[in-house]
Amino acid sequence: KAFTDSAVPQNPMHSFTRCQRSLDIEANHHPCSGLGLSCPEIFSTATILKAAVCVIRFALTAYIILLSRSFVKPSPIKYYTLNLLSVCFVCDIFLTARQVLLFAYLYRNFFESAYTLKLFNTAVGYASGVVVSEYRIMSLFVVFAVYLLFVNPIIMSNFFRRGTWKSCFIASHVISMVFVLPRSLAHIVKMSPMLNSVIGYVGYATLFIVALLTFAVTSLSVIALLRSARTNDIDEEALRSRKIILVSFLIYCIPLNVLNVPVCVNGLLAFISAIFPSMVNCANMHLSPSCEAENVIIELRTVVICLSTLVAMKPYREAVLQTVCRRKQRLFVRTLSVSPSGKKAFDTATPRPTTDDAS
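For the sequence shown, position 72 matches number 72 in UniProt numbering, and the numbering has no gaps at all.
Right under this line is the structure:
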């Protein structure tokens, strides 16, 4: 009884639970009540940045969908990108609704029922959890497939030619939804502390293993690329094409691996504290910054994935260049048709047929 609650070392899994519920909306604080638009909270830097990120997320998603429909040919890269962005889009809708509710809660409670608010928080957490597991599973599959395509091109070419890889994307959707469901139900249904701990450990252990496998396959790809530079292949053109694909995916995987860092840190802290109970306080001290980083990644995840796709993926990079060139050409033609001097210069630069040519 002499010890207070703050003096008792806390299991990091309880901190993980708070980290998972950090997206929850609390309906008990109204700093802008009665102030109207003069409330300083509305024009704070954090509010403006979050609103800008919401707009950028939807703009980039719409741009990639437009490129996919108009310019990018059917390929595994296209299907992978559209499948991943479809899940991110659903999560972004919930995150935007959450941001709107946070803005509304500056003035009054939007959900009068506490249970309705809990259901909304559960939906936001479920959508975010599905995206977290989805893009990690799909990224591991695509990185591993591209690595095998470089190492053993004949087998993987037949695999992609048969179209069975599409079922892998469907399986990743189903697995992610089922995988996140128990952790989300724990927000609504009362469960024993032991069961909550098991669900938390299993969830973080799975994501931790998938993240480590992605790191490992990326490292194997780098090693294979370095080895190929020292060997002479009979078909140099095919080897060069496979190198371009592998380098593009390595560039694409750099930000994805950065997104995996917080969950790896959280998993390491949980395992260290479980093996060495004396280090629980140290683990909890380092868990808070990792939790903040994970929340920032939740907001910026779609932006990072879209920018990585536009920069690293060759079909989308060529589609961007194609749209830019078309726009410049249209502006040039419009300028010539509107400007008299431009039309005169165009007429001067165009050779006219002479009488000899006409004859």
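Built from N, CA and C at the ideal position, the CB exists for glycine as well.
Check	Outcome
Through-space distance from valine 210 to leucine 220, alpha-carbon basis	15 Å
Segment contact flag, the segment 79-92 with the segment 120-136, C-beta cutoff 8 Å, min 3 pairs	yes
Threonine 45, buried or exposed, once every other Cβ within 10 Å from all chains shown has been counted against 16	exposed
Exposure of threonine 116, with buried meaning 16 or more beta-carbon neighbours within 10 Å	exposed
Alpha-carbon to alpha-carbon, leucine 225 and proline 74	26 Å
Nearest-angstrom beta carbon gap, lysine 78 and isoleucine 70 [assumed within contact, 8 Å]	According to the sequence as given, residue 70 is serine; it is not isoleucine. Actually they are not in contact, since the Cβ atoms of serine 70 and lysine 78 sit about 12 Å apart, beyond 8 Å.
Separation of isoleucine 305 from leucine 256, as counted between CA atoms	8 Å
Same chain only: Cβ atoms within 7 Å of glutamate 56, ignoring 5 sequence neighbours per side	Looking at the sequence provided, one finds isoleucine at residue 56 rather than glutamate. Cβ within range, chain order: Val303.
Alanine 345, buried or exposed, once every other Cβ within 10 Å from all chains shown has been counted against 16	Residue placement at alanine 345 is poorly supported in this model, since its pLDDT is 48, which falls under 50; the coordinates still yield a value, given next. Alanine 345 should be labelled exposed.
Beta-carbon proximity list for leucine 90, same chain, < 7 Å, skipping 5 on both sides	It should be noted that the sequence gives valine, not leucine, for residue 90. Closer than 7 Å at the Cβ level, and outside the excluded window around valine 90, lie Ala127.
Neighbourhood of methionine 138 by C-beta distance below 6 Å, restricted to the same chain and skipping five residues each side	Leu84, Ser172
Within 9 Å, strictly: CB atoms of valine 217 and leucine 140	yes
Cβ shell of phenylalanine 169 (< 6 Å), same chain only, five flanking positions each side left out	Asn83
Reduced DSSP secondary structure (H/G/I, E/B, other) of isoleucine 42	coil
Residue environment, glutamate 318, which counts as buried when at least 16 other CB atoms sit within 10 Å	exposed
Short Cβ contact (9 Å threshold) for valine 124 with leucine 95	yes
Isoleucine 64 vs threonine 309 beta-carbon contact at 9 Å	yes
CB of phenylalanine 249 within 9 Å of CB of valine 178, strictly	no
Exposure label - phenylalanine 43; buried when at least 16 CB within 10 Å	exposed
Length of the line joining the Cα atoms of alanine 122 and cysteine 54	Looking at the sequence provided, one finds threonine at residue 122 rather than alanine. C-alpha separation (whole angstroms): 20 Å.
Per-residue burial, serine 176 [other beta carbons within 10 Å of its own, 16 or more giving buried]	buried
CB contact flag (isoleucine 297, leucine 321, <9 Å)	no
Cutoff 8 Å; reference isoleucine 245; Cβ partners in own chain excluding five residues on either side	Val146, Leu149, Phe150, Lys314
Own chain partners of glutamate 294 with C-beta closer than 6 Å, once the 5 adjacent residues on each side are dropped	Pro262
For phenylalanine 249, three-class secondary structure by DSSP	helix
Between the CA atoms of asparagine 152 and tryptophan 165 - distance to the nearest angstrom	16 Å
Range covered by the alpha helix (DSSP H) that runs through asparagine 152	Where asparagine 152 is concerned, there is no enclosing alpha helix (DSSP H), given that its DSSP letter is neither H nor E.
Residue from Val143, Ser167, Leu66, Ile251 whose Cα sits closest to the Cα of leucine 212	Val143
Terminal residues of the alpha helix (DSSP H) in which proline 182 lies	165-185
Identity of the residue in Arg326, Cys325, Tyr316 nearest residue 373 by Cα	Outside the displayed span of the chain (1 to 359) sits residue 373, for which this structure offers no information.
Whole-angstrom distance between glutamine 99 and isoleucine 48, CA atom to CA atom	11 Å
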